[in-house]
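Participant: Basically this note's numbering = 1-based index in the sequence shown + 94.
Just passing along the structure, written as structure tokens.
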Amino acid sequence: MGNGRSGQSGQPVRRIPVSEPSLSGNEEKYVLECISTNWISSLGKFIPEFEGGFAGFCGSKYGVAVMNGTVALQLALAALGIKEGDEVIIPDLTFVATANAVRYLGAKPVFVDSEPATWNIDAGKIESAVTKKTKAIIPVHLYGHPCDMDVIMEVAEKHSLSVIEDAAEAHGAEYKGKRVGSIGSIGCFSFYGNKIITTGEGGMCVTSDAKLAERMHFLKDHAMDKVRKYWHPELGYNFRMTNIQAAVGVAQLEQIDKFIAAKIRNAKLYRTLLQNVKGLAFQPQMTWAKSVYWMHSVLVDEKEFGCSRDALILGLKEKGVDSRPFFCPMHQLPPYKGSGSDKDFPVAAQLSRAGINLPSSVRLSESDIRFVCDAIRSIQK
Ligand SMILES: *Cc1c(COP(=O)(O)O)cnc(C)c1O
């Protein structure tokens, strides 16, 4: 992949996207195998292979493959018995799916501010959000950096709360040597096109609790009785993943160590190349964490950097470099109106205002990253 980004007219000919999948392993071979053997729906050998393989990768015993990361969260909440009237504590700064999954069950997401040290939920502020209605906590390992799980597990134990890890952005990240997703009762992952590994659309719940695994398998498949066909003792869902998606997943899983190594290498390169640029701050890394750097992200200090976050995004776009702003904090979104103001969530609000995700694909070459960093420097005033 050369650096052929400038056409004869001087216009950029190749855009550097924020994220694109890498499908150069056995993806094609395994997908063709699904088609030639006729196993294209949600039965077939790749499903259990992907479930077992990915759960093992996380250090969990069981995997339950589903259609996407959002329903993985919904299924986990349903399996834990979360229902109308319950409250579930989640970070204010996350992707909207975390909050929506809680709402789909009729429960109420309760938001907690982020901490500046990791950009994750401020574990020290969780306890003050606990009420009689609180049933669970969903920590989100934002942009690939693990949450401070010891503190979270301690609060959960003290108040008898379930912990569901939203690890949709953190496949393979480690907290004190443990893989994320294996620390709470259930870990939820997404395999959307821009995640660490992808199945196009897809998701998985992992757990080491045999009963929870069985419950999730039951609920995701229309809650059909195992013995008595077409007997559905309760309201279930169809959240099944197809064998074709799982085939892509198995091929992706074969390459996950390589992908994570590329993310880490690229994170180092970005940090080295931008270290002297004033007004940019990277996501801090805790000594107890192994981040997988899902997104290479920086905060833009407008005064120090010399232009606003939004002006930087536009400037990069003109040079053929895609980037994007951080998520909106949940309290600002119309479906969650009334849950608080920027004053209640000052850290999340500030991160959201200043944050930008830079190109983060595992396919980026060193010259791509140099090009992005040169572009950033040239925009700086
Ligand atoms: C991507 C993501 C999800 C949802 O995954 P989908 O597969 O897109 O449904 C949930 N939570 C977080 C934090 C995510 O980044």
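All C-beta atoms in this analysis are idealised placements derived from N, C-alpha and C, irrespective of residue type, glycine included.
Where do the N-terminal and C-terminal ends of the beta strand (DSSP E) with Ala230 fall, by residue?
Facilitator: Segment Thr228 to Ile231, the beta strand (DSSP E) holding Ala230.
Participant: Whose CA, out of Tyr198, Asn288 and Lys252, lies closest to the CA of Leu117?
Facilitator: It is Asn288 whose Cα lies nearest to the Cα of Leu117.
Participant: What does a CB cutoff of less than 7 Å around Met95 pick up in its chain, not counting 5 residues either side in sequence?
Facilitator: A caution first: Met95 carries a pLDDT of 41, below 50, which makes its placement in the model unreliable, though a value can still be read off. Around Met95: Ser459.
Participant: Taking only runs that begin and end inside the stretch 119–154, name each unbroken alpha helix (DSSP H) of 4 or more residues, in chain order.
Facilitator: Complete alpha helix (DSSP H) runs here, min 4: 121–131 and 140–152.
Participant: Measuring from the CB of Asp186, is there a heavy atom of ligand 1 at a distance below 7 Å?
Facilitator: No, since every heavy atom of ligand 1 falls outside the 7 Å radius drawn around the Cβ of Asp186.
Participant: Below 7 Å, is the gap between the Cβ of Ala159 and the nearest heavy atom of ligand 1?
Facilitator: False, no ligand heavy atom lies under 7 Å from that Cβ.
Participant: Taking all protein chains shown into account, do 16 or more other C-beta atoms lie within 10 angstroms of the C-beta of Val321, making it buried, or fewer, making it exposed?
Facilitator: It is exposed - the Cβ of Val321 has fewer than 16 other Cβ atoms within 10 Å.
Participant: With DSSP run on the structure shown, which of helix, strand or coil describes Tyr437?
Facilitator: According to the sequence shown, residue 437 is Lys rather than Tyr. Residue state, collapsed to three classes: coil.
Participant: Going along the chain, which residues of its own chain have a beta-carbon closer than 6 Å to the beta-carbon of Val300, five neighbours each way excluded?
Facilitator: Closer than 6 Å at Cβ, skipping near neighbours: Ala149, Cys152, Ser154, Gly157, Gly275 and Gly281.
Participant: Can you name the residues that DSSP bridges to Ser202?
Facilitator: This sequence places Lys at residue 202; Ser is not what is there. Lys202 is bridged to Glu181.
Participant: Buried or exposed, going by whether 16 or more other CB atoms sit within 10 Å of the CB of Arg70?
Facilitator: Residue 70 lies beyond the stretch modelled for the chain, which goes from 95 to 475, so this question has no answer here.
Participant: Among Leu169, Glu122 and Ile291, which one has its Cα closest to the Cα of Leu329?
Facilitator: Per the Cα distances, Leu169.
Participant: I think Phe420 touches Gly373, with their Cβ atoms under 8 Å apart; what is that distance to the nearest whole Å?
Facilitator: 16 Å between Cβ atoms; not a contact.
Participant: For a test of your reading of the model: does the CB of Phe189 fall under 7 Å from any non-hydrogen atom of ligand 1? Yes or no.
Facilitator: Yes, the Cβ of Phe189 comes within 7 Å of a heavy atom of ligand 1.
Participant: State buried or exposed for Gly238, treating a residue as buried only when at least 16 other CB atoms are found within 10 Å of its CB.
Facilitator: Buried.
Participant: DSSP state of Asn91, grouped into three classes?
Facilitator: Residue 91 lies beyond the residue range present for the chain, which begins at 95 and ends at 475; the question has no answer from this structure.
Participant: List, from N- to C-terminal side, the beta strand (DSSP E) runs of 3 residues or more that fit wholly inside the stretch 249–303.
Facilitator: Taking only runs of at least 3 residues, the beta strand (DSSP E) segments lying wholly in the stretch 249–303 are 256–260, 280–284 and 297–301.
Participant: When burial is assigned at 16 or more other CB atoms within 10 Å of the CB, is Trp325 buried or exposed?
Facilitator: So Trp325 counts as exposed.
Participant: Kindly indicate which residue of Glu121, Ile141, Pro111 and Lys123 has the alpha-carbon position closest to the one of Arg334.
Facilitator: Selected option, being the one with the closest Cα: Ile141.
Participant: Out of Ala383, Trp213 and Ala173, which one is the CA nearest neighbour of Ala304?
Facilitator: The option with the nearest alpha carbon to Ala304 is Ala173.
Participant: Asn360: which of Ser256, Val371, Val342 and Tyr387 sits nearest, CA to CA?
Facilitator: If we check each option's Cα against that of Asn360, Tyr387 comes out closest.
Participant: I'd like the list of long-range same chain contacts for Ser472, defined as Cβ closer than 6 Å, with 5 residues on each side in sequence excluded.
Facilitator: Correct list: empty, nothing qualifies.
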